[in-house]
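J.: Each residue of the sequence shown is one higher than the one before, starting from 1 at the first, in UniProt numbering. Yeah, the Cβ is synthetic: ideal placement off N, Cα and C, and Gly gets one too. Nothing here was measured: the structure is a model prediction, and the numbers come from that model. I have a structure here, written as structure tokens, and I will follow up with some questions on it.
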Amino acid sequence: MAALDGLTVVLVGIAWECAHAAPPEVSFPQSRLLLVLDRLGRVPSSQLATAMGVNASSVTRLADRLQALGYVARGRSPGNRSVVTLEVTEAGHEIVARMLERRHAALGTLLDKLPPAQRQAAAEAARDRKS
């Protein structure tokens, strides 16, 4: 369990570092919204809130700022005009690409430093947490 706790600390550090690939005006929670929304594609804001594990009002506040910066676009659902949708803009996709590039590099560096037995243990711990 201590190994998993240590790995968690390292992974949170990597997430924090990756968020710094975003412009300084984009906060850590906003960068997380961009990453999740980029993975989901255009979705209702309520679905994004569920995926992020936050309240819809939190998504609204985060999206307001990201929209003002040009990284997120709001729209309406074609099937129900009362449903607000969100999607990442091209500028937002560029930020996400930089964050993911930094994340992949950091994870690769971390894994390269681990002895094979620890690398295997980390992979097993990650699989166990998924199930």
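If you draw a straight line from the alpha carbon of Gln-47 to that of Asp-64, how long is it in whole angstroms?
T.: Rounded to the nearest angstrom, the two C-alpha atoms are 16 Å apart.
J.: Just list the alpha helix (DSSP H) runs in the segment 43 to 110, keeping only unbroken ones of 4 residues or longer that don't cross its boundaries, in chain order.
T.: Counting only runs of 4 or more, we get 45 to 52, 56 to 69.
J.: Report yes if the C-beta distance between Ser-45 and Val-59 is below 8 Å; otherwise report no.
T.: Yes, Cβ-Cβ distance for Ser-45 and Val-59 is below 8 Å.
J.: Could you say if the segment 18 to 36 and the segment 93 to 102 meet the contact criterion of at least three C-beta pairs nearer than 8 Å?
T.: Yes, the segment 18 to 36 touches the segment 93 to 102.
J.: Which of helix, strand or coil does DSSP assign to Pro-23?
T.: The answer is coil: DSSP assigns Pro-23 none of H, G, I, E or B.
J.: Over what stretch of residues does the alpha helix (DSSP H) that includes Pro-29 continue unbroken?
T.: Unbroken alpha helix (DSSP H) run through Pro-29: 28 to 40.
J.: Pull up the distance between the alpha-carbon of Val-88 and that of Ala-122, whole angstroms please.
T.: Their Cα atoms are separated by approximately 32 Å.
J.: Taking its Cβ as the centre, do 16 or more other Cβ atoms sit within 10 Å of Val-12, making it buried, or is it exposed?
T.: Exposed: under 16 other Cβ atoms inside 10 Å.
J.: Please state whether DSSP places Pro-116 in a helix, a strand or coil.
T.: Pro-116 falls in the helix class under three-state DSSP.
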